[in-house]
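The structure under discussion appears below in the form of structure tokens.
Chains as they are written, first to last, in the working numbering: chain A, -15 to 99; chain B, 464 to 577.
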């Protein structure tokens, strides 16, 4: 089974702190994604990556950056956390090429609270 | 702009009853449609996938339908159980540069009462 692991299930940070959310997948997937999920708004794409050291902005990249130094790891960085970044953050991965069916495999989520 | 609309936003039913969730989409070009189930505090998990040529697909007590002409899909849950309480998310994928680009609905929150 595909396993996508997010390093922290719950985090509490203060405004202005730098926050790192880590995501690791063990199935050699090329594609990795970061979403945030808020009540009534559904999942919104922050950033995605189709390859190592490659990244593309999603729908709401402002205030976030990402890093993909290794194929299995995709990190989301909040340079200076703000209260409006309090949310559930979901990492996902998927295959590419002929095996790609578009299925996203999600981690368990990281619930971030910024005070 | 690609959009996926789900209805109802929330639904409460009694255990053992059936229910149907709706999904309307405007995604082009269309590649496939998936229904995901998301338990509280967990990540979404894929239930079914529908391609352009498929009308109906079942996964246990879950049956998904697709009408590609009207761009509508439904997820029917038969003989609901308490464990069906979750958010159900419709995701429609188009393609760009050979990769799938998913567009998410906002989900339907289902609560099954004993």
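Glycine included, C-beta positions come from ideal geometry on N, C-alpha and C.
Between residue 93(A) and residue 485(B), the alpha-carbon positions lie close to 26 Å from each other. Scanning chain B for C-beta atoms nearer than 8 Å to the C-beta of residue 93(A) yields 504, 505 and 506, reported in chain order. For the stretch 503 to 533 of chain B, the set of residues with a beta-carbon nearer than 8 Å to any beta-carbon of chain A comprises 504, 505, 506, 507, 508, 509 and 512, in chain order. Within the same chain, 556, 557, 558 and 563 come within 7 Å of residue 494(B) by CB-CB distance, once the 5 residues on both sides are set aside. Annotated as distal: residue 570(B) and residue 548(B), with beta-carbon spacing of 8 Å or more. In chain order, 86 and 88 make up the part of chain A whose C-beta sits under 8 Å from the C-beta of residue 565(B). A distance below 6 Å between beta-carbons, with the five flanking residues on each side excluded, links residue 531(B) to the following residues of its chain, in chain order: 515.
At least one beta carbon of chain A lies nearer than 8 Å to the beta carbon of residue 556(B). Contact of residue 548(B) with chain A is not assigned, every C-beta pair being separated by 8 Å or more.
Residue contact check for residue 60(A) against chain B: no CB pair falls below 8 Å. Residue -6(A) is classed as exposed because its beta carbon has fewer than 16 other beta carbons within 10 Å across all chains shown.
Within the DSSP secondary-structure output, residue 6(A) pairs in a beta bridge with 59(A).
DSSP places residue 26(A) in the uninterrupted beta strand (DSSP E) bounded by 26 to 33. Taking a cut-off of 8 Å for Cβ pairs, the stretch 466 to 482 of chain B and the stretch 45 to 61 of chain A do not touch, as fewer than three such pairs fall below it. Looking at 518(B), 510(B), 535(B) and 508(B), the one whose alpha-carbon comes closest to that of residue 488(B) is 535(B). CA-CA distance, residue 519(B) to residue 9(A), rounds to 32 Å. Contact between residue 524(B) and residue 503(B) does not hold, since their C-beta atoms are separated by about 20 Å, which reaches or exceeds 8 Å. When CB distances to chain B are screened at a threshold of 9 Å, the residues of the stretch 50 to 80 of chain A falling below it are 72, 74, 75, 76, 78 and 80, in chain order. Annotation for residue 527(B): the continuous beta strand (DSSP E) segment containing it runs 525 to 530. DSSP, read as helix, strand or coil, puts residue 522(B) in strand.
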